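The structure under discussion appears below in the form of structure tokens.
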């Protein structure tokens, strides 16, 4: 199966103090990630603080990252919103950018559409582009989720809806997706770092990762070890990664990973409100986990 890669990093965005995107710093982060275990990038995702970015800033960042980094790996542009018409119009703009490998489209948030509404939303998106589409299933942020049967229907009618970032936290959903599409080229990506290894055993091909800002090589090696049948090695890498993964979610993403990225010397820049610096207690937890991981 041809994939976007094993490890896709949902990359942070570097902002200036006035809230504008620092393109140069963001490109530097992208290069670092692609040189350290990431096979591709998800640009302007939740970890990239996309809710506080204008469409103009997103387009500028998509164009810059695609131009400078697409030769190194897959570039997935996050284009979803909870307004179908707005999403479709944005999809058309982004699809014209050279070097974009695919689109990430979230289940519409807040307005909580039923399964037919979700089907119609993704149908409209699929008819607006020829680029591969990854559906993002994250009920914890959205308020509802897409069912495996709806995914299978969409993939059957629109084969370029070819993947899902599965972040429900329920591995039985990944199992059901795999059961419904056992012989297809549909790609399941874990949307939770901590569940990557069990998700692989249920048919996932990789992870859309946050912790890979810090441990991209280990995450990639864990997946490769599993693919090669070296399950004990994969398990040991999972155990090594667990404490730093836990620290990256000690408070709301992307607060911990952006703080940790600065500690590693990456030009992560400022937060855009309502995201803010970690508390003193949270920072201490991140510092301890980062130090232990780097010394391991």
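Numbering (my numbering), first residue to last: 1 to 296. The C-beta atom is built at its ideal place from N, Cα and C for all residues, glycine as well. As the structure is a computational prediction, the values presented were derived from the model and not from experiment.
Query                                                                                                                : Result
The stretch 26–37 in contact with the stretch 265–278 per 3-pair CB rule at 8 Å                                      : yes
Alpha-carbon to alpha-carbon, residue 186 and residue 156                                                            : 10 Å
Straight-line Cα distance separating residue 288 from residue 72                                                     : 32 Å
Ranges of the beta strand (DSSP E) found wholly within the stretch 25–49, counting only runs of at least 3           : 40–43
DSSP-derived helix/strand/coil call for residue 91                                                                   : helix
Candidates 160, 14 and 242, of which the one nearest residue 130 by Cα                                               : 160
Cα-Cα separation, residue 230 to residue 222                                                                         : 9 Å
Three-state secondary structure assigned by DSSP to residue 7                                                        : strand
Residues near residue 64 by beta carbon distance below 8 Å, same chain, minus five either side                       : 23, 26 and 27
Residue span of the alpha helix (DSSP H) that contains residue 178, given as start and end                           : 171–180
Reduced DSSP category for residue 164 - H, G, I as helix; E, B as strand; rest coil                                  : strand
Residue 77 - containing beta strand (DSSP E), residue span                                                           : 74–78
Unbroken alpha helix (DSSP H) run spanning residue 275, endpoints                                                    : Unbroken run through residue 275: none, as it is neither H nor E.
Beta-carbon spacing of residue 107, residue 136 below 8 Å                                                            : yes
Spatial neighbours of residue 6 in its chain, beta-carbon cut-off 6 Å, leaving aside the 5 residues before and after : 39, 206, 220 and 223
Whole alpha helix (DSSP H) elements within the stretch 185–247, 4-residue minimum                                    : 196–201 and 212–227
Environment of residue 280 [buried if 16+ CB atoms lie within 10 Å]                                                  : exposed
Status (buried if at least 16 other CB within 10 Å, exposed otherwise) for residue 32                                : buried
Beta-carbon proximity check, residue 36 vs residue 217, cutoff 8 Å                                                   : yes
Limits of the unbroken alpha helix (DSSP H) element including residue 255                                            : 255–263
Backbone secondary structure at residue 122 - three-state DSSP                                                       : helix
Per-residue burial, residue 297 [other beta carbons within 10 Å of its own, 16 or more giving buried]                : For the chain, the structure presents residues 1 to 296; residue 297 sits outside this window and is missing.
Residue 105 beta carbon less than 8 Å from that of residue 76                                                        : no
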